[in-house]
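K.L.:
For the record, in the sequence shown the residue sitting at position 20 is 154 according to our numbering, with numbers rising by one throughout.
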Amino acid sequence: MFLQNLKHNFLTKFKSKNSVKSLYKVINATNKAFDKAGLPDIGRSKFSSRAIGLEDSRILYDLIKNATGEGIALVDADDLVQETEKILRKYCEMINVEFNKEMLNWKEV
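(1) On the DSSP letters alone, give me the boundaries of the alpha helix (DSSP H) that A201 sits inside.
(2) I think N143 touches I229, with their Cβ atoms under 8 Å apart; what is that distance to the nearest whole Å?
(3) Who are N165's beta bridge partners in DSSP?
(4) Measure the Cβ-Cβ separation of A211 and L145 and say whether it is below 8 Å.
(5) Could you please give me the residues that DSSP links to V209 through a beta bridge?
(6) Can you name, in chain order, every residue of its own chain whose Cβ lies under 7 Å from the Cβ of Y225, other than the five neighbours on each side?
(7) Taking the alpha helix (DSSP H) that I221 belongs to, which residues open and close that run?
(8) Between the Cα of K235 and those of L222, S191, L194 and K147, spot the shortest distance and give me the residue it belongs to.
(9) Please name the residue, chosen from F233, K199 and K141, that lies closest to T218 on a Cα-to-Cα basis.
Right, here's the structure in full:
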C-alpha cells in the first residue's frame with residue numbers, strides 16, 4: 135500500500151492556546167465586519183474545531199495510523215522553535231534519519 139511506503143509526520147500549531155484564541159479572534163472580527171457592512175451571513179466561517187481544521191487533521195492522523203500501523207511523528211511548531219535541537223533530534227529518531235548539527239543552520243541560496 136502506498137501509505138506504508140512513506141514516513142508520515144504532522145507539524146501542528148494548535149497545541150498553543152494562543153493559536154486557537156488568535157483564530158477565534160480573526161474569525162469573529164471578520165464576521166463582525168461583515169455584519170457592520172450589512173453583508174449576508176451566507177458561507178461565512180463559524181469558529182469550530184472543524185472550521186480550523188482540527189477535526190480533519192485528526193481524521194487524517196487516524197486514517198494513516200490505522201492504515202500503516204506505524205507511529206506518526208507529531209511535532210508542535212512552538213516546541214520546535216523553543217527547543218529546536220531537542221525536538222529535531224527526537225524527530226530524526228522517529229523518522230530514522232541521522233541527526234546532524236548542520237540541520238540547525240540554514241544557508242542562504
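All C-beta atoms in this analysis are idealised placements derived from N, C-alpha and C, irrespective of residue type, glycine included. None of these values were measured; they are calculated from a predicted model.
P.N.:
Reading off the structure:
(1) Locating residue 201 in the sequence shown gives position 67, where the first residue counts as 1. First-last of the alpha helix (DSSP H) with A201: L188 to T202.
(2) Indexing the sequence shown from 1 puts residue 143 at position 9. Indexing the sequence shown from 1 puts residue 229 at position 95. Yes, they are in contact, since the Cβ atoms of N143 and I229 sit about 7 Å apart, within 8 Å.
(3) Residue 165 sits at position 31 when you count from the first residue of the sequence shown. Answer is none; N165 lacks a bridge partner.
(4) Position 77 of the sequence shown holds residue 211. Position 11 of the sequence shown holds residue 145. For A211 and L145, yes; Cβs fall inside 8 Å.
(5) Along the sequence shown, one-based indexing puts residue 209 at 75. Its beta-bridge partners are L145.
(6) In the sequence shown, counting from the first residue as 1, residue 225 sits at position 91. Taken in chain order, the residues that qualify are A207 and V209.
(7) In the sequence shown, residue 221 corresponds to position 87, counting from 1. Counting along the chain, the alpha helix (DSSP H) containing I221 begins and ends at T218 to M228.
(8) On the sequence shown, position 101 is the one that residue 235 refers to. Cα-wise, what sits closest to K235 is L222.
(9) Along the sequence shown, one-based indexing puts residue 218 at 84. Nearest of F233, K199 and K141 to T218, Cα basis: F233.
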